[in-house]
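**Student:**
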Amino acid sequence: GNSVTQMEGPVTLSEEAFLTINCTYTATGYPSLFWYVQYPGEGLQLLLKATKADDKGSNKGFEATYRKETTSFHLEKGSVQVSDSAVYFCALSLNQAGTALIFGKGTTLSVSS
Amino acid sequence: DTGVSQNPRHKITKRGQNVTFRCDPISEHNRLYWYRQTLGQGPEFLTYFQNEAQLEKSRLLSDRFSAERPKGSFSTLEIQRTEQGDSAMYLCASSFLQGSNTEAFFGQGTRLTVV
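Residue numbers (this note's numbering), protein chains in the order written: chain A, 631 to 743; chain B, 82 to 196.
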């Protein structure tokens, strides 16, 4: 079946540290891949996406590259800030009519100053 | 604010009671999704509509759950004879289907507690 696996958290970093959150997927067909972020007390927000192999999604200093050969979409940021503290969800959507997002379990990031 | 709106934000109910949640999507979006999220888990798909037609239902959506989108605008999710296991955050999302674009925008959710 289709699924997303994320590294378990929590991830605790100091400000300006490098961040990697691993995400791998299993899918039939050719999915689009997403990272969503949930800040405390807020709804899920799309952070970035990639729709085909080798695409790189980027936003707010975060990046993730769609790697078909390793079925991965790892999230990276070179220098995290306290304001990046949130829960990050990797997700996929099959590029077919009528398919919804399939999410990983989420990874909590806590950044301290 | 023209984002996805969900009401109520919180609902506490006694086991066995019925509850209904409402979702108002972004106005031009033709797709509307319901998800359920329990503590420590990612959102799980429940059902989705394209305009007023309910096109897919997850196996998670038991017979006690029903969703409607009567005019292709707002949607309601009803849970009958609630059980403690129904306690969760219920999320609504909407999107505009264009080609393969499936970017969804989420509401803040309705947190249900069944006591």
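Glycine is no exception: its CB is placed at the ideal position from the N, C-alpha and C atoms.
Does any residue of chain B bring its CB to less than 8 Å from the CB of Phe719(A)?
**Tutor:** Yes, Phe719(A) lies at the interface with chain B (some Cβ there is under 8 Å from its Cβ).
**Student:** List the residues of chain B that Lys735(A) touches, going by C-beta distances under 9 Å, in chain order.
**Tutor:** Under the 9 Å cutoff, chain B gives Gly121, Gln122 and Gly123.
**Student:** Considering only the alpha carbon of each residue, which of Lys95(B), Gln98(B), Gly97(B) and Cys104(B) lies closest to Pro89(B)?
**Tutor:** Cys104(B)
**Student:** Report the option in Leu724(A), Gly631(A), Ser743(A) and Cys720(A) whose CA atom is closest to the CA atom of Gly736(A).
**Tutor:** Cys720(A)
**Student:** State the CB to CB distance for the pair Gly673(A) and Gly190(B), rounded to an integer number of angstroms; the pair is presumed to be in contact (CB under 8 Å).
**Tutor:** The pair is a contact, with the Cβ atoms about 6 Å apart (cut-off 8 Å).
**Student:** If you run the structure through DSSP and keep just helix, strand and coil, what is Asp105(B)?
**Tutor:** strand
**Student:** Is the beta carbon of Leu172(B) less than 8 Å from the beta carbon of Gln118(B)?
**Tutor:** yes
**Student:** Rounded to a whole number of angstroms, what is the C-alpha to C-alpha distance between Val196(B) and Gln98(B)?
**Tutor:** 10 Å
**Student:** For Gln189(B), which residues in chain A fall below 8 Å Cβ to Cβ?
**Tutor:** Glu672 and Gly673
**Student:** So which residues on chain A does Ala185(B) lean against when the C-beta distance must stay under 7 Å?
**Tutor:** Leu731
**Student:** Applying the criterion that 16 or more other CB atoms from any shown protein chain within 10 Å of the CB defines a buried residue, is Phe664(A) buried or exposed?
**Tutor:** buried
**Student:** Beta-carbon within less than 6 Å of Met170(B)'s beta-carbon, same chain only, minus the 5 sequence neighbours each way: which residues are those?
**Tutor:** Gln118, Gly190 and Arg192
**Student:** Are the Cβ atoms of Phe633(A) and Tyr655(A) separated by less than 8 Å?
**Tutor:** At residue 633(A) the sequence reads Ser, which differs from the Phe that was named. It is a contact, given that the beta carbons lie within the stated cut-off.
**Student:** Less than 8 Å between C-beta atoms, sequence neighbours within five positions excluded: which residues of the same chain meet that for Leu136(B)?
**Tutor:** Tyr129 and Phe130
**Student:** When the Cα of Ser175(B) is compared with those of Phe186(B), Gln87(B) and Glu125(B), which residue comes out closest?
**Tutor:** Phe186(B)
**Student:** Is there a Cβ of chain B sitting closer than 8 Å to that of Lys679(A), yes or no?
**Tutor:** By this cut-off, Lys679(A) is an interface position.
**Student:** If you drop the 5 nearest sequence neighbours on each side, which residues of the same chain put their C-beta closer than 6 Å to that of Gly639(A)?
**Tutor:** Thr737 and Thr738
**Student:** Give the DSSP bridge partners of Gly97(B), in chain order.
**Tutor:** Per DSSP, none; premise fails for Gly97(B).
**Student:** Could you have a look at Asn189(B) and say whether DSSP puts it in helix, strand or coil?
**Tutor:** Reading off the sequence shown, one finds Gln at residue 189(B), where the question assumed Asn. Gln189(B) falls in the coil class under three-state DSSP.
**Student:** Measure how close the beta-carbons of Leu677(A) and Tyr660(A) come, nearest whole angstrom, since I'm counting them as under 8 Å.
**Tutor:** Actually they are not in contact, since the Cβ atoms of Leu677(A) and Tyr660(A) sit about 21 Å apart, beyond 8 Å.
**Student:** Near Thr83(B), what residues of its chain come up, given a Cβ to Cβ distance below 8 Å and the 5 sequence neighbours on each side ignored?
**Tutor:** Ile107 and Ser108
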